[in-house]
Amino acid sequence: MTDEHRLNDNTLGTLPDSVARPAYDRKALATGIVHLGIGAFMRAHMAAATEAAIAAGDLRWGILGVSLRQSDTRDALAPQDGLYTLAIRDADAQGQARQRLQVIGAVRTLLVAPENPQAVLDAIAATDTRIVSLTVTEKGYCHDPATGDLRLDHPDTVHDLANPHAPRSAIGMLVYGLQRRYALGHGALTLMSLDNLPANGRVLRAAVLRFATETDPTLADRIASDCRFPCSMVDRIVPKTTDGDRAEVSQALGSADAWPVMGEPFFDWAIEDQFAADRPDWTRGGARFVKDAEPFERLKLRMVNGTHSSLAYLGAMAGWQTVDQAIGRAPLREHIEALMRDEIEPTLPALPGLDLVSYRTNLLARYANPALAHRTHQIAMDGSQKLPQRLLGTVRDRLARQLPVTRMALALAAWMHYLRGVDELGQSYRIDDPHASELTTLYQQTLALGVSPNSVQTMLGYAPVFGDLAGNAALTAALVPLLTSLQVHGVVETLEAVNRG
Ligand code: CS2
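Just so you know, full-length UniProt numbering puts 68 at position 68 of the sequence shown, and the rest follows in order with no gaps.
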């Protein structure tokens with residue numbers, strides 16, 4: 001398609017009637033939100049909820065999106081005036097895939113931090129900015145996942161402490177941006193993490209204050225008293241966009257969209273109502289403001305992300321490429337359902353109005369969505385950053401109460417087995433993880449040579465992931481037969497044996 005047929009402000013009016021689009025005056029949008037890490041995940045949730053608040057008439061909340069590493073999002077969206085399509089996909093009662101398309105107008109400006117870090121600091125310092133939100137993934141906090149503390153020896157932290165004008169980590173950008181903001185006499189900010197971390201606001205606050213203390217303790221005191229860091233739980237499955245998705249959405253629009261995002265119909269966002277200044281009315285887009293997000297986070301991290309990771313490692317090793325394919329296999333489905341019911345749910349706090357049985361049933365239906373084609377290898381990435389909050393909290397709670405951990409241990413065993421780098425069909429894949437080289441070396445020196453209590457304990461001794469679980473006898477005892485079975489008999493037979501009990 002030529003440029004006249006590219007999605008942008010000028011071609012908005014030519015879209016088919018079935019495509020929802022901004023009806024407000026985009027030129028009148030102010031920039032109230034700076035977002036660090038403008039990937040697909042944020043574009044399918046926070047931006048969609050903000051779009052609803054803007055559409056209801058509050059034009060103060062345009063978004064300036066920052067990419068922390070690559071220019072690809074800016075390169076795709078800048079020629080589109082920041083517009084992109086959100087495709088909500090599922091299947092009808094006959095199992096036929098269908099989609100609902102909405103062009104989102106909330107993103108006004110896009111920056112690429114490495115090209116111009118100063119512009120990012122200026123945006124954080126700008127008077128209209130009241131909220132800085134983040135989806136930088138677990139590893140973007142430069143913290144130790146086992147303890148939650150900012151790593152002062154992390155290369156990005158070391159770099160940023162020495163380069164106040166050109167930070168490259170989100171934490172460095174926030175601290176130097178706030179320093180600039182205060183120098184200009186502008187008011188306090190709300191810093192809002194949307195990543196899948198327990199107490200994400202508190203993790204962010206601790207990292208920002210730790211970094212600020214290293215820079216200037218008075219700045220740290222001011223941030224601590226002025227700024228707010230609400231915790232939140234966000235839930236929507238957003239698979240990576242493929243070239244096929246781009247072609248299909250562009251075809252339906254009659255205009256080329258270089259980077260649409262895909263999502264499921266389900267959307268949940270529980271956010272603590274703690275803001276330093278005002279905020280959009282995100283309830284217009286399905287969010288709820290809560291007093292304490294912790295129980296919602298725990299529920300979501302353990303039930304959704306915990307089972308997602310379990311399913312991803314087992315599915316990827318069996319050669320099942322997508323989540324719907326994997327959950328369609330009877331032994332895996334039985335296992336995931338029992339994992340929730342028997343091992344995860346008993347560790348969850350009661351939440352008013354929450355019916356765990358329907359939560360579980362609904363989650364299984366979400367996984368079975370055939371229109372998403374969510375890749376198991378996508379979820380399997382960054383395991384070292386994900387396991388602690390997704391799986392190990394449940395494991396610790398159960399071990400403390402001397403309850404069995406067989407099904408939880410199967411997820412850990414599958415992750416260890418995945419480090420082998422080749423699935424049961426003989427296909428090799430890359431381990432995509434910031435600790436990949438240490439972990440694969442560890443695997444080669446231990447489990448690859450044979451499963452034994454010793455080799456399993458050496459794996460469990462990997463402190464950045466397992467922390468105080470090192471040397472745990474009950475967990476070792478659960479892992480040894482599962483790892484042996486995965487290596488010798490493979491995923492399906494192991495699942496069948498676990499399901500037989
Ligand atoms: C997934 C999550 O990729 C992953 O690790 O588990 O992105 C998951 O799809 C979302 O958290 C669902 O809300």
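Built from N, CA and C at the ideal position, the CB exists for glycine as well.
In whole angstroms, what separates the C-alpha of V103 from that of T14?
-> Here residue 103 corresponds to residue number 103 of the sequence shown, with the count starting at 1. Here residue 14 corresponds to residue number 14 of the sequence shown, with the count starting at 1. Taking the straight line joining both Cα atoms gives about 12 Å.
Beta-ladder partner(s) of R375, from DSSP | Start at 1 with the first residue of the sequence shown, and residue 375 comes out as number 375. According to DSSP, which records beta bridges pairwise, R375 is partnered with T322.
Mind checking whether V304 and L253 have CB atoms under 8 Å apart?
-> Against the sequence shown, residue 304 aligns to sequence position 304. Against the sequence shown, residue 253 aligns to sequence position 253. The answer is no: Cβ separation not under 8 Å.
In whole angstroms, what separates the C-alpha of M1 from that of V238?
-> By 1-based counting over the sequence shown, the position of residue 1 is 1. By 1-based counting over the sequence shown, the position of residue 238 is 238. With a pLDDT of 48 at M1, under the threshold of 50, the modelled position of this residue cannot be trusted; read the value that follows with caution. Near 26 Å, if we compare the C-alpha coordinates of V238 and M1.
Give a yes or no on whether the C-beta atoms belonging to A316 and A380 are separated by under 8 Å.
-> To locate residue 316, count along the sequence shown from 1; it is residue 316. To locate residue 380, count along the sequence shown from 1; it is residue 380. Cβ distance < 8 Å, so A316 and A380 count as in contact.
Assumed close pair S309, A146 - CB separation to whole angstroms, cut-off 8 Å = Taking the first residue of the sequence shown as 1, we reach residue 309 at position 309. Taking the first residue of the sequence shown as 1, we reach residue 146 at position 146. That pair is no contact at about 16 Å.
Please report the Cβ distance between D245 and M233, rounded to the nearest whole angstrom; I am assuming they are in contact, meaning their Cβ atoms lie under 8 Å.
-> Within the sequence shown, the letter at position 245 stands for residue 245. Within the sequence shown, the letter at position 233 stands for residue 233. The pair is not a contact, with the Cβ atoms about 27 Å apart (cut-off 8 Å).
Would you call K300 buried or exposed, if buried means 16 or more other Cβ atoms sit within 10 Å of its Cβ?
-> Stepping through the sequence shown from its first residue, residue 300 is reached at position 300. With 16 or more Cβ atoms within 10 Å of its Cβ, K300 is classed as buried.
In three-state terms, what does DSSP make of L12?
-> Stepping through the sequence shown from its first residue, residue 12 is reached at position 12. It is helical.
To the nearest angstrom, report how far apart L68 and Q118 are at their CA atoms.
-> The count along the sequence shown starts at 1 and reaches residue 68 at position 68. The count along the sequence shown starts at 1 and reaches residue 118 at position 118. Computed Cα separation, rounded: 13 Å.
Ends of the alpha helix (DSSP H) at H489?
-> Working through the sequence shown from its first residue, we reach residue 489 at position 489. Premise fails: H489 is in no alpha helix (DSSP H) and is neither H nor E.
Check whether the Cβ of Q378 sits closer than 7 Å to any heavy atom of the ligand CS2, and report yes or no.
-> Residue mapping note: residue 378 aligns to position 378 of the sequence shown, counting from 1. Indeed, a heavy atom of the ligand CS2 lies less than 7 Å from the Cβ.
Taking the runs of the alpha helix (DSSP H) that are 4 residues or longer, which of them lie wholly in the stretch 232–259?
-> 243–253
Around the C-beta of D432, are 16 or more other C-beta atoms found within 10 angstroms, so that it is buried, or is it exposed?
-> Translated into the one-based positions of the sequence shown, residue 432 becomes position 432. D432 comes out exposed.
Using the C-alpha atoms, what's the distance from A373 back to D90?
-> Taking the first residue of the sequence shown as position 1, residue 90 is located at position 90. Taking the first residue of the sequence shown as position 1, residue 373 is located at position 373. Approximately 10 Å, taken between the alpha carbons.
Which residues share a DSSP beta bridge with D90?
-> Sequence index remark: in the sequence shown, residue 90 carries index 90 (1-based). Bridge partners of D90: R98.
Which ranges does the alpha helix (DSSP H) cover as unbroken runs of at least 4 residues, wholly within the stretch 267–355, from first to last along the chain?
-> 294–300, 306–318, 323–327 and 330–338
Limits of the unbroken alpha helix (DSSP H) element including S67 | Counted from its first residue, the sequence shown places residue 67 at position 67. S67 -> not in any alpha helix (DSSP H); beta strand (DSSP E) instead, spanning G62 to S67.
Does the beta-carbon distance from A123 to L64 come in below 8 Å?
-> As a first step, residue 123 is located in the sequence shown; it is residue number 123 there, counting from the start. As a first step, residue 64 is located in the sequence shown; it is residue number 64 there, counting from the start. Yes, the Cβ-Cβ distance between A123 and L64 is below 8 Å.
Alpha carbon to alpha carbon, what distance is there between R98 and P260?
-> The residue given as residue 260 occupies position 260 in the sequence shown. The residue given as residue 98 occupies position 98 in the sequence shown. Rounded to the nearest angstrom, the two C-alpha atoms are 16 Å apart.
Comparing the CB of residue 514 with every heavy atom of the ligand CS2, is any distance shorter than 7 Å?
-> Look at the range of the chain in this structure, 1 to 501, and you will see that residue 514 is not part of it.
Integer Cβ distance of A55 from W61, believed to fall under 8 Å | Counted from its first residue, the sequence shown places residue 55 at position 55. Counted from its first residue, the sequence shown places residue 61 at position 61. 11 Å between Cβ atoms; not a contact.
Can the beta-carbon of L425 be found closer than 8 Å to that of G319?
-> In the sequence shown, counting from the first residue as 1, residue 425 sits at position 425. In the sequence shown, counting from the first residue as 1, residue 319 sits at position 319. Contact: yes.
Should I104 be listed as close to the ligand SAM, given that the test is whether its C-beta is under 7 Å from any heavy atom?
-> Among the ligands present in this structure, namely the ligand CS2, the ligand SAM is not found.
Entirely within the stretch 407–471 and at least 4 residues each: give me those alpha helix (DSSP H) ranges in chain order.
-> 436–445, 453–460 and 463–466
How would you write the range of the beta strand (DSSP E) that V395 sits in, first residue to last?
-> Here the question's residue 395 lines up with position 395 in the sequence shown. Careful: V395 lies outside any beta strand (DSSP E), inside the alpha helix (DSSP H) at G393 to A400.
Would you mind giving the Cβ-Cβ distance between E294 and A199, rounded to the nearest angstrom? I have them listed as a contact below 8 Å.
-> Counting from one through the sequence shown, the residue named residue 294 turns up at place 294. Counting from one through the sequence shown, the residue named residue 199 turns up at place 199. Confirmed, Cβ separation roughly 6 Å.
Does DSSP classify S18 as helix, strand or coil?
-> Along the sequence shown, read from residue 1 onward, the residue named residue 18 stands at position 18. Note: S18 maps to coil in three-state DSSP.
Beta-carbon contacts of V136 that lie in its chain and below 7 Å, excluding the five residues immediately before and after = Within the sequence shown, the letter at position 136 stands for residue 136. So the list reads L36, G37, L68, A170 and D195, once near-sequence residues are dropped.
Please check the pair A409 and L482, which I expect to be a contact at CB under 8 Å, by giving their CB distance rounded to whole angstroms.
-> Looking up residue 409 in the sequence shown gives position 409. Looking up residue 482 in the sequence shown gives position 482. About 6 Å; that satisfies the 8 Å criterion.
Please go through the stretch 179–240 and give each complete beta strand (DSSP E) segment of 3 or more residues, from N-terminal end onward.
-> 190–193 and 232–235
Could you give the DSSP three-state label for residue 516: helix, strand or coil?
-> Lying outside 1 to 501, the shown extent of the chain, residue 516 is not represented and no answer is given.
Skipping 5 residues on each side, what residues in its chain have a beta carbon closer than 7 Å to that of R236?
-> Along the sequence shown, read from residue 1 onward, the residue named residue 236 stands at position 236. Answer for R236: A44, H45, G263, E264, F266 and F267, listed in chain order.
Using 7 Å as the cut-off, classify the Cβ of H308 as near or not near the heavy atoms of the ligand CS2, replying yes or no.
-> On the sequence shown, position 308 is the one that residue 308 refers to. For the ligand CS2, at least one heavy atom lies less than 7 Å from the Cβ of H308.
Sorted by chain position, which residues of the same chain lie with C-beta nearer than 7 Å to Y24's C-beta, five sequence neighbours on each side aside?
-> For the purposes of this step, residue 24 is identified with residue 24 of the sequence shown, where counting begins at 1. Around Y24: I54, A55 and L59.
Give me the Cβ distance between T394 and T347, rounded to the nearest whole Å; I'm assuming they're in contact under 8 Å.
-> What you label residue 394 is simply residue 394 of the sequence shown in a count that begins at 1. What you label residue 347 is simply residue 347 of the sequence shown in a count that begins at 1. Sure, about 5 Å apart at Cβ, within 8 Å.
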